[in-house]
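Written below as structure tokens is the structure these notes are about.
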Amino acid sequence: MPSKITKFLDTHNVRYKTIVHSATYTAQETAEIVHIKGQELAKTVIVKLDDEMIMAVVPASRQVDLAALRALSGAKSARLAIEEEFRSHFPECDTGAMPPFGNLYGMPVFVDEALTKDKEIAFNAGNYNELIQMKYEDFATLVHPQVVTRFALADAV
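Written out as structure tokens, the structure is:
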């Protein structure tokens, strides 16, 4: 797990749990292996809204609705960022396993409202075999995400 994340959480006296599991490469696989419902596991998707990269955080069981996110944010364009565009922003993290702490990586964070209804959320800890689980309330206090209604589509692949 990247020390940047643990130092940040520890500095703010946030209680969290680390869940170690065998390597998985999709959020749905991770949810299954650690026995967490797909709607309670948050996945981080890097999106380009116009020329700005943002983190879209949605339940693992869902996909980002780019058209809805574009409309809700007021952007002219929205697309998934390609790895080459964002990899350097996360030097401590495996590509695709970034935690949703945009404030640590210079990116705004948009969270699907569905995740705010969970008492706790879990998310990748920067690699493919660890999760961090913490209270959603603590996450929101630390990250100050923009909560957006309905920008996730059901049935992620």
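Position one of the sequence shown corresponds to residue 1 (my numbering), numbered consecutively onward. From the three backbone atoms N, C-alpha and C, an ideal C-beta is built for every residue, glycine too.
Distance, residue j Cα to residue i Cα
{"i": "residue 137", "j": "residue 38", "result": "19 angstroms"}
{"i": "residue 93", "j": "residue 14", "result": "21 angstroms"}
{"i": "residue 67", "j": "residue 112", "result": "14 angstroms"}
{"i": "residue 88", "j": "residue 76", "result": "25 angstroms"}
{"i": "residue 148", "j": "residue 72", "result": "8 angstroms"}
{"i": "residue 180", "j": "residue 69", "result": "Not covered by the structure: residue 180. The range shown for the chain is 1 to 157."}
{"i": "residue 40", "j": "residue 34", "result": "11 angstroms"}
{"i": "residue 160", "j": "residue 63", "result": "Residue 160 cannot be examined here, being either before or after the span of the chain that is shown, 1 to 157."}
{"i": "residue 28", "j": "residue 123", "result": "12 angstroms"}
{"i": "residue 10", "j": "residue 58", "result": "25 angstroms"}
{"i": "residue 157", "j": "residue 25", "result": "Model confidence at residue 157 stands at a pLDDT of 41, short of 50, so the residue's coordinates are unreliable; what they give is reported in the following sentence. Going by the C-alpha atoms only, they are around 12 angstroms apart."}
DSSP beta-bridge partners of residue i
{"i": "residue 138", "result": "None; residue 138 has no bridge partner."}
{"i": "residue 47", "result": "54, 80"}
{"i": "residue 148", "result": "112"}
{"i": "residue 170", "result": "Any question about residue 170 goes unanswered here, given that the chain covers just 1 to 157."}
Reduced DSSP category for residue i - H, G, I as helix; E, B as strand; rest coil
{"i": "residue 143", "result": "helix"}
{"i": "residue 18", "result": "strand"}
{"i": "residue 36", "result": "coil"}
{"i": "residue 27", "result": "helix"}
Entirely enclosed alpha helix (DSSP H) segments - the stretch 52 to 137, minimum 4 residues: Segments of the alpha helix (DSSP H) lying fully in the stretch 52 to 137: 66 to 73, 83 to 86, 102 to 105, 113 to 116.
Any contact between the stretch 9 to 25 and the stretch 125 to 133? By contact I mean 3 or more CB pairs, one from each, below 8 angstroms. yes
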